[in-house]
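Engineer: In the numbering used here, the protein residues as written are 948 to 1424. Have a look at this one before I ask anything.
Printed below as a string of structure tokens:
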């Protein structure tokens, strides 16, 4: 009968306090000393109880009895099971009210997809994302429990590679940023190898993406399988069936890269408001440029303006204590996702861009920044990028370069990056100027969400004066 309100361990004190006050939470559970101390400082009153996990030696409130909680809530399918905060990339997060019905509907739909692909088995999961995120809440906790699987938790990114080798996961969920980092590390290592090894690796990627091979290609592919793909799979534990990607858009080139290495990425799509999974690519029919077909039991359609609308038992009952915000997104039973999308004749969904992120230039043309940022972020010199140009005559970009780039090479490197990107682009999509990001976006500086999404409005606001100078300089006119 309890309703959970998951919070990130990286939340600042004011964010934790906001969640407690917004949700009306009456108790909390902590796992270690630092969190124990933080909750003591932000608890709204002495009545706010705290339940302490085993790694804290003393309870926060020695006189806490635990109280009397209802055991009947779970019998009502419309009873709340969780209030999960949205990512908050465009301001304060909203609390999404999810019910037992929502949970059951989403798990049941995912299980049906797994059964169709002969993947409905007690998998071994390696959980890396924060459980406070709706994606990991479902795919990294409830789904494994329903499957009777095992869950191993990796707390730090620098331990991920060793844990994959030790745990030997069969399924693993993550956000695109992780796959981008893996891609960068692998390609960076290959660039340092001999010419023969670089040739074999390139052939592995190229042949692994082809559906039909000639006789000579099959011979070479067999060599690549033994010398390259087998070693890569062993580094991932040797038993990995699939990676699953969600939480943000995945660059198709990243998906194709891992496909070439013999480890497929099933890209899906969802929102916290939909419990969260809405669609996912099916094994054997993956389309790297899409987020797959809708889940069974879920309805999707496009509005007249091209916005993706979703309906089903997985859709939230509303935002907690926020009827105005609820009315903005739930209209006649349809969830308005805020994402522009396309749906092909086979039912595959392609996300074009986020409505709130859409750039409308001074000529009235619409530009989705996400595909541009995905492409540029694949360049080895680039760590992060934010494209800007709203109400401007042309696009520019705020770019954070790799730490290995020497200071005297920064300006030239940015020019080289933009030159490579612009060479095959229309004038509408070309980026005329680049601005150096002085500090990479991180959770600590408030420019990155806990699931590694860049907070675009905050970044643009931080560099507002420099952006203005880009467009007002004589060379820009």
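Beta carbons are placed, not taken as given, at the ideal position from N, Cα and C, and that holds for glycine.
1) Starting from the Cα of residue 1376, find the closest Cα among 1342, 1086 and 1388 and give me that residue.
2) What three-state label does DSSP hand residue 1041 in the structure shown?
3) Does DSSP classify residue 1049 as helix, strand or coil?
4) Go ahead and pull the three-state DSSP assignment for residue 1093.
5) Under the three-state reduction of DSSP, which class applies to residue 1377: helix, strand or coil?
6) Quick check: the Cα distance between residue 1121 and residue 1219, rounded to an integer number of angstroms?
7) For residue 1347, which of helix, strand or coil comes out of DSSP?
8) Measure the CB-CB distance between residue 1361 and residue 1336 and report whether it falls below 7 angstroms.
9) Quick one: grab the DSSP three-state call for residue 1283.
10) Could you give the residue range of the alpha helix (DSSP H) that holds residue 1432?
11) Using a threshold of 7 angstroms, state whether the C-beta atoms of residue 1134 and residue 1188 are closer than that.
12) In chain order, what are the residue ranges of uninterrupted alpha helix (DSSP H) at least 4 long that sit wholly in the stretch 1184-1216?
13) Report buried or exposed for residue 1100, applying the criterion of at least 16 other Cβ atoms within 10 angstroms of its Cβ.
14) If you draw a straight line from the C-alpha of residue 1252 to the C-alpha of residue 1282, how long is it?
15) For residue 1278, which option in 1256, 1260, 1299 and 1268 has the closest C-alpha, if you only look at C-alpha atoms?
16) Can you give me the Cβ contacts of residue 1313 inside the same chain, cut-off strictly under 8 angstroms, excluding the 5 residues immediately before and after it?
17) Just reading off the alpha helix (DSSP H) that residue 1324 is part of, what are its end residues?
18) Between residue 1086 and residue 1191, which are expected to be in contact by the criterion C-beta below 8 angstroms, what is the C-beta distance as a whole number of angstroms?
19) Taking 8 angstroms as the limit between beta carbons, can you name the residues of its chain near residue 960, skipping five residues before and five after?
20) Is it a yes or a no for the stretch 1204-1220 touching the stretch 1146-1162, going by three-plus beta-carbon pairs under 8 angstroms?
21) So the beta strand (DSSP E) residue 1330 belongs to, where does it begin and stop?
22) Under 7 angstroms between the Cβ atoms of residue 1425 and residue 1201?
23) Give me the Cβ distance between residue 1394 and residue 1383, rounded to the nearest whole Å; I'm assuming they're in contact under 8 angstroms.
24) Which value, in whole angstroms, describes the spacing of the CA atoms of residue 1015 and residue 992?
25) Tell me which residue opens and which closes the beta strand (DSSP E) that residue 1072 is part of.
Structural biologist: Result, derived from the coordinates:
1) Taking the first residue of the chain shown as position 1, residue 1376 is located at position 429. Among 1342, 1086 and 1388, the Cα nearest to that of residue 1376 is on 1342.
2) The residue you call residue 1041 lines up with position 94 of the chain shown. It is coil, neither helix nor strand.
3) Looking up residue 1049 in the chain shown gives position 102. Assigned with DSSP and collapsed to three states, residue 1049 falls in helix.
4) The residue labelled residue 1093 in the question sits at position 146 within the chain shown. DSSP places residue 1093 in helix when its eight states are reduced to three.
5) Here the question's residue 1377 lines up with position 430 in the chain shown. Looking at residue 1377 - three-state DSSP - the assignment turns out to be coil, as it is neither helix nor strand.
6) Your numbering for residue 1121 matches position 174 in the chain shown. Your numbering for residue 1219 matches position 272 in the chain shown. Whole-angstrom Cα-Cα distance: 16 angstroms.
7) In the chain shown, counting from the first residue as 1, residue 1347 sits at position 400. Strand at residue 1347.
8) Taking the chain shown and counting its residues from 1, the one referred to as residue 1361 is at position 414. Taking the chain shown and counting its residues from 1, the one referred to as residue 1336 is at position 389. For residue 1361 and residue 1336, no; Cβs fall outside 7 angstroms.
9) By one-based count along the chain shown, residue 1283 stands at place 336. Residue state, collapsed to three classes: strand.
10) For residue 1432 there is no data in the structure shown, the boundaries of the chain being 948 and 1424.
11) Within the chain shown, residue 1134 is the residue found at index 187, counting from 1. Within the chain shown, residue 1188 is the residue found at index 241, counting from 1. In this structure, the beta-carbon distance from residue 1134 to residue 1188 does not fall below 7 angstroms.
12) Segments of the alpha helix (DSSP H) lying fully in the stretch 1184-1216: 1199-1207.
13) For the purposes of this step, residue 1100 is taken as the residue at position 153 of the chain shown. With fewer than 16 other beta carbons inside 10 angstroms of its own, residue 1100 counts as exposed.
14) Working through the chain shown from its first residue, we reach residue 1252 at position 305. Working through the chain shown from its first residue, we reach residue 1282 at position 335. Each residue's alpha carbon lies about 15 angstroms from the other.
15) For the purposes of this step, residue 1278 is taken as the residue at position 331 of the chain shown. Among 1256, 1260, 1299 and 1268, the Cα nearest to that of residue 1278 is on 1256.
16) Start at 1 with the first residue of the chain shown, and residue 1313 comes out as number 366. 1305, 1306 and 1307.
17) For the purposes of this step, residue 1324 is identified with residue 377 of the chain shown, where counting begins at 1. Per DSSP, residue 1324 belongs to the alpha helix (DSSP H) from 1316-1324.
18) Mapped onto the chain shown, residue 1086 falls at position 139. Mapped onto the chain shown, residue 1191 falls at position 244. About 7 angstroms; that satisfies the 8 angstroms criterion.
19) Within the chain shown, the letter at position 13 stands for residue 960. If the five residues before and after residue 960 are omitted, its C-beta is found closer than 8 angstroms to the C-beta atoms of 985, 988 and 989, all from its own chain and listed in chain order.
20) Inter-segment contact for the stretch 1204-1220 and the stretch 1146-1162 is present: three or more beta-carbon pairs are separated by less than 8 angstroms.
21) In the chain shown, the residue the question calls residue 1330 occupies position 383. Where residue 1330 is concerned, the enclosing beta strand (DSSP E) stretches over 1329-1335.
22) In the structure as shown, the chain starts at 948 and stops at 1424, and residue 1425 therefore has no counterpart that could be examined.
23) Numbered from 1 along the chain shown, position 447 holds the residue referred to as residue 1394. Numbered from 1 along the chain shown, position 436 holds the residue referred to as residue 1383. Contact doesn't hold; Cβ gap of about 15 angstroms is too wide.
24) Sequence index remark: in the chain shown, residue 1015 carries index 68 (1-based). Sequence index remark: in the chain shown, residue 992 carries index 45 (1-based). Low local confidence applies: a pLDDT of 46 at residue 1015 is under 50, so the model's placement there is unreliable, with the coordinate-based value given in what follows. Roughly 19 angstroms separates the two Cα atoms.
25) If you number the chain shown from 1, residue 1072 lands on position 125. Per DSSP, the continuous beta strand (DSSP E) segment holding residue 1072 begins and ends at 1071-1074.
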